[in-house]
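Trainee:
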Amino acid sequence: ILLLDEIHRLDKAKQDFLLPHLENGKIVLIGATTSNPYHAINPAIRSRAQIFELYPLNDEDVRQALTRAIEDDENGLKTYQPKIDEDAMTYFSTQSQGDVRSALNALELAVLSADNDKDGYRHVTLQDAKDCLQKGAFVSDKDGDMHYDVMSAFQKSIRGSDVNAALHYLARLIEAGDLPTIVRRLLVISYEDIGLASPNAGQRTLAAIESAERLGLPEARIPLSQAVIELCLSPKSNSAMSAIDSALSDIRNGHVGQIPNHLKDGHYQGAKDLGRSIGYKYPHQYVNGYVSQQYLPDKLKNKIYYEPKTTSKSEQQLKEIYNNLLKQRP
């Protein structure tokens, strides 16, 4: 049996070295990793293994571990006669965020640092607990799954108009000190998820971002919170993103076609001999600044990319204009 802790630290070549031994059954491999195995472990290794995901301990699990440590007179702290206040136990178990090692270390430090009371017990108060676990063991792995999970939940909460959930995930990112991720994600959201439903949301979000960057943390939390609340409660539309994605899909799949001759550059000598720019109608010379003419290539002549949403008055107005123009399209 080969037990490899932090197996993700093995590079590809070293992981491949294990393959023949796994295949012939000479070893039973147990690998432990804090990284996502689908990112960090070779597919060949994964296909020969069963993956089990382990979850953080909950508060009650941590409390049970602390209680065992207090009551164990051989390997624990019982010989010191600890007396732990209830609110101190609660603080240890909740603020360690499922990290029982952190909770046990803080408990041990508190007991060893405490003075004996009049009855001979080492009395640990809430203040002692706070002094020994000065900052909750908030998990923030910038290059790991947790980081991307929080970012995903943050954007999806705003997209789903859940103000309180969005503020919760914003607080996680703030607590991790990850201001660059927050400002980039908010700017993306303002155009991807709010978009044409509230065209000025992008500008207001950018203003909040610039304020946050100038202020820095912790004050940056204020404009960031304002931006998040506004984006959550704004009407939503992804029609602009869907439109350009549809156009890009055509290009990437070879649906291109020739630019109509009347739209081609005609400023150089000999352009007209090639038929370039002949017949182009200059819209500003027509009533209302519009004239019907073909702009798309022939093979895409009737293609529709933009599909307006009706989630806001702003885009409803755009839809009305758009539909009128489509009716006049040649």
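Just so it is clear: in the sequence shown, position 245 is 245 by the UniProt record's numbering, and no numbers are missing.
C-beta: ideal position from N, C-alpha, C; glycine also.
For clarity, every value in this text was computed on a predicted model and none was experimentally measured.
1. In the DSSP assignment, what are the bridge partners of Arg204?
2. Run through DSSP, which three-state label would Arg329 get?
3. Under the rule that 16 or more other beta-carbon atoms within 10 Å means buried, what is Gln269, buried or exposed?
4. Would you mind working out which of Asp59, Leu325 and Leu233 sits nearest Asn302, comparing C-alpha positions?
5. Give the list of continuous alpha helix (DSSP H) stretches no shorter than 4 residues that lie fully inside the stretch 124-194.
6. Label Glu53 either buried or exposed according to how many other C-beta atoms from any shown protein chain fall within 10 Å of its C-beta, with 16 as the threshold for buried.
7. Which parts of the stretch 61-117 are runs of the beta strand (DSSP E), unbroken and 3 residues or longer, counting only runs that do not cross its ends?
8. Helix, strand or coil for Gly275, going by three-state DSSP, please let me know.
9. Short of 7 Å in beta carbon distance, which residues of its chain neighbour His21, apart from the five on each side in sequence? Order them along the chain.
10. Indicate whether the contact test is met: 3 or more Cβ pairs, each with one atom in the stretch 165-178 and one in the stretch 223-242, closer than 8 Å.
11. Tell me which residues share the same chain as Ile1 and place their Cβ nearer than 6 Å to its Cβ, disregarding the 5 neighbours each side in the sequence.
12. List the residues that DSSP assigns as beta-bridge partners of Ala32.
13. Should the stretch 176-196 be regarded as contacting the stretch 149-167, the criterion being three or more beta carbon pairs within less than 8 Å?
14. According to DSSP, simplified to helix, strand and coil, what is Arg221?
15. From which residue to which residue does the alpha helix (DSSP H) around Pro37 run?
16. Helix, strand or coil: how does DSSP classify Arg48 here?
17. Is DSSP giving Ile251 helix, strand or coil here?
Mentor: Taking the geometry as given:
1. As a position in the sequence shown, residue 204 is number 204, starting the count at 1. According to DSSP, which records beta bridges pairwise, Arg204 is partnered with nothing at all.
2. Taking the sequence shown and counting its residues from 1, one reaches residue 329 at position 329. The answer is coil: DSSP assigns Arg329 none of H, G, I, E or B.
3. Looking up residue 269 in the sequence shown gives position 269. By the neighbour-count rule (16 or more Cβ atoms within 10 Å), Gln269 is not buried but exposed.
4. The residue labelled residue 302 in the question sits at position 302 within the sequence shown. If we check each option's Cα against that of Asn302, Leu325 comes out closest.
5. 126-132, 145-159, 163-175 and 179-189
6. Numbered from 1 along the sequence shown, position 53 holds the residue referred to as residue 53. Exposed.
7. 82-84
8. Reading the sequence shown from its first residue, position 275 is the one you call residue 275. Of the three classes helix, strand and coil, the one that applies to Gly275 here is coil, per DSSP.
9. The residue labelled residue 21 in the question sits at position 21 within the sequence shown. Hits under 7 Å: Ile27.
10. yes
11. Residue mapping note: residue 1 aligns to position 1 of the sequence shown, counting from 1. Excluding positions up to five away in sequence, the list reads Val28.
12. One-based indexing of the sequence shown puts residue 32 at position 32. Asp5, per the DSSP bridge assignment.
13. yes
14. In the sequence shown, counting from the first residue as 1, residue 221 sits at position 221. The answer is helix: DSSP assigns Arg221 an H, G or I state.
15. Within the sequence shown, numbered from 1, the residue matching residue 37 stands at position 37. Pro37 to Ala40 is the extent of the alpha helix (DSSP H) around Pro37.
16. For the purposes of this step, residue 48 is taken as residue 48 along the sequence shown, with counting starting at 1. Three-state result, Arg48: coil.
17. Within the sequence shown, the letter at position 251 stands for residue 251. If DSSP states are grouped into helix, strand and coil, Ile251 belongs with the helices.
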